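Okay, structure first, notes after.
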Amino acid sequence: MVKAVVGANWGDEGKGKITDMLAKEADIIVRFQGGANAGHTIVNNYGKFALHTLPSGVFYDHTTSIIGNGVALNIPVLFQEIRSITDRNVPEPKILVSDRAQIVMSYHMLFDQYEEERLGGKSFGSTKSGIAPFYSDKYAKIGFQVSEIFDDELIEEKAARVCEQKNVLLEHLYHKPLLKPEEIVKELKSYREMVGPYICDISAFLAKAIEKGKEILLEGQLGTLKDPDHGIYPMVTSSSTLAAYGAIGAGIPPYEIKKIITVCKAYSSAVGAGEFVSEIFGEEADELRKRGGDGGEFGATTGRPRRMGWFDAVASKYGCRLQGTTDVAFTVLDVLGYLDEIPVCIGYEIDGKVTTEFPTTALLRKAKPVYEILPGWKSDIRGIKKYEDLPENCRKYVEFVERHIGYPIKMVSNGPGRDDIIYR
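Anchor point for the sequence shown: position 66 equals 146 in this note's numbering, and the numbering is continuous, going up by one each time.
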């Protein structure tokens, strides 16, 4: 059975923990889009880890971890990451890399940096991991597929073509040093030995696994609101963050995805720029950020303080709908235990009218949050294993959210550890 684990909002919902937890029962975990530009924080018996490219199932010795064709593959980062976990006594994971995945080149990261510098105050808040330039090249058909790097003639010819295009920009737009074809060829050749042993025809591998009835998890990065089509464009990422894309990014039929577990946070947070209607500021935000997550709400990749807000039922309902949610996993509920009252955003006021439908970005800029205030439960809920043992106001909060998003909350996470989970 194929299940997808995806985010409902801006990312940082706690997908890593949910994938790590579900991986216990899984045979194969697939990353299907995005690159090393966002991270998943995982706390388990080996310690606390931030993963960027590796799927969140690498901590089990019975699983195979796959980098799908839809991923932006930064080869040195992948290998540093494997080392960073094996250095901490995690057994060497079984990893396969799609022969159709494309490679993030060192010049993609430079272009990312140059463009953010050029835009100054109007920048997109990029993590400078080379993601937008990488996907631009992929669709402009001047990217390098993993399978291509073993053909000398091909990479030489392509490297020359890349330099012709890029050097015009480097010289006239960015006023930076030019690229040399021989340097690009050298970089690609250095990747051969690294990635060679892991290469696999992933689509064929997964077809066999599905036939044998294996448990497969698709792990998404970021969330619905960062999708280039359905998110807060242009403050989005460059690959689709939706479960539907899992079929493309892993190379499997769409009808094989039977369960879509959409991860929602009990409050909101976002890293990077973009519209965020229920955002809060000042001391209120600082307090939530300090208590949030495990050790505070700071980006797993950038370390940047996350922007904080109350739960946004409008954005979450929309996020769940576009993912095709079958189950909601509701995370970090334990964090809210310090509050007397908890606001929930249940509508947006736009030009004097209240809507519960998530609008396009131009309208989103005018939206003001409409809140309903719920009573807090004022206690620590960590360690509770049964839903009925949660304080009444805590259960009321979960049920209120469930009613407003319209999708069943099947899992409630009440702590950072692998076992801090309540099934409903």
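Cβ atoms here follow ideal geometry from the backbone N, Cα and C, with glycine treated the same way.
Given the structure is predicted, the values throughout are model-derived calculations rather than measurements.
In its chain, beyond the 5 residues on either side, Tyr467 and Lys490 have a beta carbon closer than 6 Å to the beta carbon of Arg504. Apart from sequence neighbours up to five positions away, the residues of its chain that approach Arg198 with a beta-carbon distance below 8 Å are Leu253 and Tyr254, ordered along the chain.
Per DSSP, the beta-bridge partners of Ser493 are Ile501.
In the three-state reduction of the DSSP assignment, Asn247 falls in the helix class, which pools H, G and I. Excluding its 5 nearest sequence neighbours in each direction, Pro308 has C-beta neighbours in its own chain below 6 Å: Val316, listed in chain order. Per DSSP, reduced to three states, the secondary structure at Met274 is helical. Collapsing the DSSP output to three states places Tyr140 in coil.
If you draw a straight line from the Cα of Ser186 to the Cα of Leu298, it comes to about 27 Å. A distance below 7 Å between beta-carbons, with the five flanking residues on each side excluded, links Asn124 to the following residues of its chain, in chain order: Asp100, Phe139 and Arg498.
Excluding sequence positions up to five before and after Ser283, its CB lies within less than 6 Å of the CB of Gly331, all in the same chain and listed in chain order.
Between the segment 271 to 287 and the segment 237 to 250, the count of C-beta pairs closer than 8 Å stays below three; the two stretches do not touch.
In this structure, Ser319 lies near Ala152, with their beta-carbon atoms less than 9 Å apart. Residue pairing from DSSP places Tyr451 in a beta bridge opposite Cys425. For Lys306, the CB contacts under 7 Å within the same chain, skipping 5 residues up- and downstream, are Trp90, Gly91, Val316, Thr317 and Thr321 in chain order.
Of all alpha-carbon atoms in Glu228, Phe356, Arg483 and Ile165, the one lying nearest the alpha-carbon of Ile312 is that of Phe356. Straight-line measurement puts the Cα of Ala327 at about 11 Å from the Cα of Gln113. Separation of Ala324 and Glu237 (C-alpha to C-alpha, rounded to the nearest whole angstrom) is 35 Å. Secondary structure note for Glu479: its alpha helix (DSSP H) is the uninterrupted segment Glu472 to Ile485. Annotation for Ser164: no beta strand (DSSP E) segment contains it, though the alpha helix (DSSP H) segment containing it runs Ile155 to Thr166. Per DSSP, Ser459 lies in no alpha helix (DSSP H) segment and is marked neither H nor E. Separation of Arg475 and Ile341 (C-alpha to C-alpha, rounded to the nearest whole angstrom) is 20 Å. When only Cα atoms are considered, Tyr477 and Gly372 end up about 17 Å apart. Secondary structure in the segment 335 to 415: the alpha helix (DSSP H) runs of 4 residues or longer, each lying completely within the stretch, are 362 to 371 and 393 to 403 in chain order.
The shortest CA-to-CA distance from Glu364 to any of Met189, Pro423 and Glu161 is the one to Pro423. Per DSSP, reduced to three states, the secondary structure at Phe112 is coil, with no helix or strand assignment. The C-alpha of Pro213 lies about 31 Å from the C-alpha of Lys397. Membership of Ile290 in the alpha helix (DSSP H) is indicated by the continuous run Ile282 to Glu291.
From the listed residues Val265, Leu259 and Asp232, the smallest Cα separation to Cys243 is found for Leu259. DSSP lists Ile109 and Ile175 as the bridge partner or partners of Ser145. Per DSSP, Ala130 is one residue of the beta strand (DSSP E) stretching across Gly127 to Leu131.
Taking all protein chains in view, the Cβ of Val351 is crowded by 16 or more other Cβ atoms within 10 Å, so the residue is classified as buried.
Per DSSP, reduced to three states, the secondary structure at His255 is coil, with no helix or strand assignment. Measuring C-alpha to C-alpha distances from Val408 to each of His310, Asp217, Met81 and Ala393 identifies Ala393 as the nearest. Under DSSP, His120 takes part in a beta bridge, and its partners are Leu131. Taking the Cα positions, Phe391 is about 14 Å away from Gly87.
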